[in-house]
Amino acid sequence: MSRLARLGVFLAASALLAGCVSGESSDGSVDAAPAGEVQLSLDYAYYNPESLVIKEQGWLEEELGAGSVEWILSQGSNKANENLRANVIDIGSTAGTPALLARANGSPIKSIDVYSRPEWSAIVVAAGSPITSVEQLRGQKVAATQGTDPYFFLLQALAQAGLSASDVEIVNLQHSDGRTALERGDVAAWAGLDPFMAQSELEAGSTLIYRNLDFNSYGLLNATESFIEEQPELAQTVVTAYERARAWIAENPDAAVQTLATAAGIDPEIARRQLTERTDLAIDPVPGEPQRAVLSRLLPLLVADGLVRSEQEATTALDTLFEPRFAEAARGTGSAGA
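Using mature numbering (1 follows the signal peptide of the UniProt record, and there is no 0), the letters of the sequence shown correspond one by one to residues -18 to -1, 1 to 320.
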């Protein structure tokens, strides 16, 4: 069955699949190649700048042939995890915590590349809000997208403030809808995600009341185990393209800002804030100890919130999450002129 056919079956059954992994939901946008020609299906996302560059530049199509690549929009890590689980995509980009959670709950994925060290989440309040600290959120409605990094950022921020998820009313909304709910006063705060967060700051005067880089997990590129086993050459092609995109962004920052602005339909200044102020691409792409250290701190929180069955299962998932060989082979190969 083609991936397009699988996508149709998946969407028809999305209500059943949504319950398989905590925090996952349905829908997404598809830029599909003609049926029968697709060799590779992967996502692009506004929180993943390399994916936007690779898609715009057409590097994979140049290497694999016209119509060989199917691009599917991930509106959040929950969308990417959902499509990976349903075999709608071969490779998807998520934050680190959602990748760990998905694997702990039975999704057979492995992280094959680290695409960014972002500060893409914070706690946001609307312009003029009297709330200035996380402690003041007790009893308030807070928007967050379950199964994504901003959701786990919220849980960590609450814990640090001596609160728990039960001390607030978490309203599960996709990222863009959370921004809308905040700005029209439906919720008191929002666990935001860029570029929507930067957009709300610059266009609506929203304020980031709590920031913590350490509570943002890394951006990880994930592939299904079956794809890694059956198509390792395609996995390597994608990871190598990510290294090329990382170098291209470093050498062409203004063009990269415009790429993000055009793709996301946002003002270039919003894109610039996300890409140049809150996204670190000068990192080791090989998944390993830095990512493990961040995720290890979250294990007790995932257990306490009932998102995994046991800490042992979550630990086992973390021990088997990383597949570094593709990034090791691609490391240092990127060049804007390659």
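Note that the Cβ used here is the ideal one computed from N, Cα and C, for glycine as well. The structure presented is a predicted model; accordingly, all values stated were derived computationally and were not measured.
Backbone secondary structure at residue i - three-state DSSP
{"i": "alanine 17", "result": "Residue confidence for alanine 17 is low, a pLDDT of 43 falling below 50, so the modelled location carries little weight; the figure read from the coordinates is stated next. Looking at alanine 17 - three-state DSSP - the assignment turns out to be coil, as it is neither helix nor strand."}
{"i": "arginine 120", "result": "coil"}
{"i": "isoleucine 94", "result": "strand"}
{"i": "alanine 68", "result": "coil"}
{"i": "isoleucine 113", "result": "coil"}
{"i": "threonine 261", "result": "strand"}
{"i": "aspartate 25", "result": "strand"}
{"i": "threonine 162", "result": "helix"}
{"i": "proline 282", "result": "helix"}
{"i": "threonine 79", "result": "helix"}
{"i": "arginine 313", "result": "coil"}
{"i": "threonine 127", "result": "coil"}
{"i": "leucine 190", "result": "strand"}
{"i": "valine 3", "result": "For valine 3, the predicted model reports a pLDDT of 35, less than 50, meaning its position is unreliable and no value from the coordinates is stated."}
{"i": "asparagine 30", "result": "strand"}
{"i": "proline 272", "result": "helix"}
Option nearest residue i by Cα separation, candidates the options
{"i": "aspartate 149", "options": "Asp176, Val116, Gly160", "result": "Val116"}
{"i": "lysine 61", "options": "Thr76, Glu52, Gly49, Val20", "result": "Thr76"}
{"i": "alanine 143", "options": "Tyr97, Asp266, Arg193", "result": "Arg193"}
{"i": "alanine 171", "options": "Glu215, Ser199, Lys123, Ser158", "result": "Lys123"}
{"i": "leucine 263", "options": "Gly160, Ala238, Thr114, Ala232", "result": "Ala232"}
{"i": "glutamine 218", "options": "Leu164, Ala246, Glu64, Ile94", "result": "Ile94"}
{"i": "serine 208", "options": "Leu289, Asn154, Asn69, Ala245", "result": "Asn69"}
{"i": "arginine 126", "options": "Glu215, Leu42, Ala173, Val20", "result": "Arginine is not the amino acid found at residue 126; the sequence shown has alanine there. Per the Cα distances, Ala173."}
{"i": "leucine 184", "options": "Thr206, Gly167, Trp230, Arg254", "result": "Arg254"}
{"i": "isoleucine 91", "options": "Thr244, Glu215, Glu295, Ile210", "result": "Ile210"}
{"i": "asparagine 154", "options": "Glu165, Leu145, Arg166, Pro132", "result": "Pro132"}
{"i": "phenylalanine 197", "options": "Phe134, Val290, Ala311, Ala86", "result": "Phe134"}
{"i": "asparagine 87", "options": "Arg313, Pro282, Pro269, Arg67", "result": "Arg67"}
{"i": "glycine 58", "options": "Thr315, Gln156, Arg274", "result": "Gln156"}
{"i": "arginine 226", "options": "Glu165, Ala309, Pro272", "result": "Ala309"}
The beta strand (DSSP E) enclosing residue i, as first and last residue numbers
{"i": "glutamate 151", "result": "151 to 154"}
{"i": "residue 386", "result": "Limits of the chain in this structure are -18 at one end and 320 at the other, which puts residue 386 out of reach."}
{"i": "residue 321", "result": "Residue numbering for the chain in the displayed model covers -18 to 320; residue 321 lies beyond these limits and cannot be assessed."}
{"i": "isoleucine 248", "result": "Counting along the chain, isoleucine 248 falls outside any beta strand (DSSP E), and DSSP gives it neither H nor E."}
{"i": "threonine 206", "result": "201 to 206"}
Pairwise C-alpha distance: residue j and residue i
{"i": "aspartate 236", "j": "threonine 298", "result": "42 Å"}
{"i": "proline 250", "j": "proline 31", "result": "14 Å"}
{"i": "valine 221", "j": "isoleucine 265", "result": "14 Å"}
{"i": "leucine 82", "j": "glycine 247", "result": "30 Å"}
{"i": "leucine 202", "j": "aspartate 159", "result": "24 Å"}
{"i": "threonine 130", "j": "proline 267", "result": "21 Å"}
{"i": "arginine 161", "j": "glycine 110", "result": "15 Å"}
{"i": "isoleucine 252", "j": "leucine 137", "result": "26 Å"}
{"i": "serine 33", "j": "tyrosine 224", "result": "7 Å"}
{"i": "leucine 216", "j": "threonine 79", "result": "25 Å"}
{"i": "isoleucine 71", "j": "proline 112", "result": "44 Å"}
Run of the alpha helix (DSSP H) containing residue i, from where it starts to where it stops
{"i": "tyrosine 133", "result": "131 to 142"}
{"i": "leucine 105", "result": "The amino acid at residue 105 is misidentified as leucine; the sequence shows isoleucine. Element bounds for isoleucine 105: not the alpha helix (DSSP H) but the beta strand (DSSP E), 103 to 107."}
{"i": "threonine 298", "result": "293 to 301"}
{"i": "threonine 222", "result": "214 to 233"}
{"i": "leucine 184", "result": "178 to 186"}
{"i": "glutamate 305", "result": "Where glutamate 305 is concerned, there is no enclosing alpha helix (DSSP H), given that its DSSP letter is neither H nor E."}
Neighbour flag for residue i against chain D, beta carbons, 9 Å
{"i": "glutamate 43", "result": "Among the chains in the structure shown there is no chain D, since it carries only a single protein chain."}
Exercise for the section: Tell me, please, whether the region 179 to 190 touches the region 278 to 293 by the rule of three or more beta-carbon pairs shorter than 8 Å. Expected result: Touching, no.
Problem - Inter-stretch contact (C-beta, 8 Å, three-pair minimum) for the region 102 to 110 and the region 47 to 55 - result: No: fewer than three Cβ pairs fall under 8 Å.
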